[in-house]
Structure formats: C-alpha cells, structure tokens
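Right, one structure below, let's go through it.
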Amino acid sequence: MGRTKRFADIALGAILFWCFPDMAAAGDNEPGPVPRVQVVTLEGDTLNLADVCEGKPSFVYLWATWCKTCKKDLKNVYKLRDKFGDRIQVFGIAWKNSPEEIQTFFAGRKKALYSYIDSDGRVFEAFETRLTPTVVIVNARGEVLFSGYGSFRKYRKILEKALKG
Numbered sequence: 013m014g015r016t017k018r019f020a021d022i023a024l025g026a027i028l029f030w031c032f033p034d035m036a037a038a039g040d041n042e043p044g045p046v047p048r049v050q051v052v053t054l055e056g057d058t059l060n061l062a063d064v065c066e067g068k069p070s071f072v073y074l075w076a077t078w079c080k081t082c083k084k085d086l087k088n089v090y091k092l093r094d095k096f097g098d099r100i101q102v103f104g105i106a107w108k109n110s111p112e113e114i115q116t117f118f119a120g121r122k123k124a125l126y127s128y129i130d131s132d133g134r135v136f137e138a139f140e141t142r143l144t145p146t147v148v149i150v151n152a153r154g155e156v157l158f159s160g161y162g163s164f165r166k167y168r169k170i171l172e173k174a175l176k177g
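Taking this note's numbering, the leading residue of the sequence shown gets 13, the next gets one more, and so forth.
Written as structure tokens, this is what we have:
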C-alpha cells in the first residue's frame, strides 16, 4: 500500500508539472518586463499595463467573476493589501468581464478589489495564464518577479524583497 501511494503522489506531481510548468517554475526565472498590453478601466479608459505597474511594487490578481477559487482567495489578497498598505499597489485584472459584472460581483461585500478588464484576453495570454486565479508580482522598475499561484507567505516574501529594491 505504501508503494502504491508513493507512486500515486509522484504521478500526480508529474502530471501537475507537465500540465502547469509555469506554476512549478514560477519565480525561478530572471525578471522580465511587464508585457505592453492594454487593460480597460471600469470607466472605459484604455491603459498600458506596463505603465500601470511602474513606480511601486504591484500585486496583480488575474481573476474572473465566475471563478469560485477567486472568490475564496480574495481574503488573502485583502490581507496582503492591508499588510503593505500604500507601499504597494494591489489590483485585479478580470478576464473578459464587463464593468457591470465586476460591480455586481463586489456589491454588498465588505471589501472590493479595484480591477481592470482584460477585454480581449491578451493580458492573460501574455502571462500564459491557464487558470484563475493567477498572481503576478512586479517590482517598482516594472519587472515581473513572479507569475503563478502560491501561498500568502510566498507572496509576502516576494513583496518584501521587491520593497527592499
């Protein structure tokens, strides 16, 4: 029974690595620039994501209103936002959602996350996002330090490093 369980664990790990290689290796690559892709504000303005991320470390939460994991995971996003305050910027990018869908999602909740819209899917494509949520952490120079999914603790450590420069 022990060998069977160990084999199953190894097989599951191999499957996850094969299916989601970017998650397994996230954070191990040299920093690269934030892709110059467009995001849309809830007010309808178009901005360049690279410009939005410049100036201070950014915690970017790629999500969708229909994502059940995103709904549960937002508490950790709020926790990070509360911990770091205005030393970092925290925002979401919603995959192909309308401003109304985002506003409805946060209506009646105690906290909200300002979110831009990836109206054409190019932001998610640029980060090779295969599932939601995905987190992207960017330093003040606009370099991606992490892209994938991890724990609150991992995000905290990367953000602390980004704040040190």
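In this text, a Cβ means the ideal position worked out from N, Cα and C, and glycines have one as well.
Bear in mind the structure is a predicted one, so any value in this text is a computation, not a measurement.
Proximal residues to residue i (C-beta, below 6 Å), its chain only, five neighbours per side dropped
i   : result
I50 : For clarity, residue 50 is Gln in the given sequence; the question names Ile instead. Counting only Cβ-Cβ distances below 6 Å, and skipping sequence neighbours, we find T58.
V64 : none
S9  : Absent from the model: residue 9. The displayed extent of the chain is 13 to 177, so no value can be given.
Spatially closest choice to residue i from the options, by CA coordinates
i    : options                : result
K68  : V52, E155, R48 and T77 : E155
W107 : V135, K176 and K83     : V135
P43  : I149, E172 and Y161    : I149
G56  : Y167, D130 and K166    : D130
P111 : L171, T53 and T141     : T53
Residue-chain proximity (residue i, chain D), Cβ-Cβ < 8 Å
i    : result
A138 : Looking for chain D here will not work: only one protein chain is present.
Close beta carbons around residue i, own chain, < 8 Å, minus the five adjacent residues each side
i    : result
G133 : W107 and K108
A152 : E66, G67, K68, P69, A174 and G177
Y90  : K123 and L125
Burial state of residue i (16 or more Cβ within 10 Å)
i    : result
W75  : buried
L86  : buried
S163 : exposed
P145 : buried
A38  : Any reading at A38 needs caution, since the residue's pLDDT is 43, under 50, leaving its predicted position unreliable; the model's value is listed next. Buried, by the Cβ-count rule.
T116 : exposed
L157 : buried
L143 : exposed
L171 : buried
T81  : exposed
Nearest-angstrom Cα separation, counted from residue j out to residue i
i    : j    : result
F8   : N88  : As shown, the chain starts at 13 and ends at 177. That puts residue 8 outside it, with no answer to give.
Y161 : I100 : 19 Å
Beta-carbon contacts of residue i that lie in its chain and below 7 Å, excluding the five residues immediately before and after
i   : result
T77 : A106, N109, E113, I114 and F117
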